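Chemist: First the structure, which I've put down as structure tokens, then a few questions once you've had a look.
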């Protein structure tokens, strides 16, 4: 009987171990000079990618870290987010249109 309980418990634990963790970094909310709300957070512990949302109802977009001469730059080839510590901006890569600029904590 003990063997059956041990095997059942091990199976249950093994089955649950493949579920991804739901703990995520909280969103950082910035207000931008053009009135846009920018929410962003690190998508992983290594800070090699971020998720951003432009506006309250926007779906998150994941951007990967790229080489940068000043601050941190993240892009997915469509959007680029440049974080300069306490200020940032987002632009569209295709035409360099600024979508959010002068973004900082309110």
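Residue numbers (mature numbering (1 follows the signal peptide of the UniProt record, and there is no 0)): -23 to -1, 1 to 83.
C-beta: ideal position from N, C-alpha, C; glycine also.
The structure displayed is predicted, hence computed values, not measured ones.
Based on the DSSP output, what are the partners of residue 77 in its beta bridges?
Modeler: Answer is 67, bridged to residue 77.
Chemist: Under the rule that 16 or more other beta-carbon atoms within 10 Å means buried, what is residue 57, buried or exposed?
Modeler: Residue 57 comes out buried.
Chemist: Leaving out the 5 sequence neighbours to the left and right, which residues in its chain are closer than 8 Å to residue 41 when beta-carbon positions are compared?
Modeler: Here the set comprises 25, 26, 51, 52 and 53.
Chemist: Does the Cβ-Cβ distance between residue 16 and residue 6 come in under 7 Å?
Modeler: In contact: residue 16 and residue 6 (Cβ atoms closer than 7 Å).
Chemist: On the premise that residue 62 lies in contact with residue 9, defined as a C-beta separation below 8 Å, what is that separation, rounded to the nearest angstrom?
Modeler: Actually they do not touch by this definition, with Cβ atoms about 16 Å apart.
Chemist: In terms of residue numbering, what span does the beta strand (DSSP E) encompassing residue 7 cover?
Modeler: Start and end: 5 to 8.
Chemist: With DSSP as the reference, identify every bridge partner of residue 38, one or two as the case may be.
Modeler: 29, per the DSSP bridge assignment.
Chemist: With 16 other CB atoms within 10 Å as the buried threshold, where does residue 65 fall?
Modeler: Answer is buried; the Cβ neighbour count reaches 16.
Chemist: What is the rounded straight-line gap between the Cα of residue 59 and the Cα of residue 28?
Modeler: Residue 59 and residue 28: Cα-Cα distance of roughly 12 Å.
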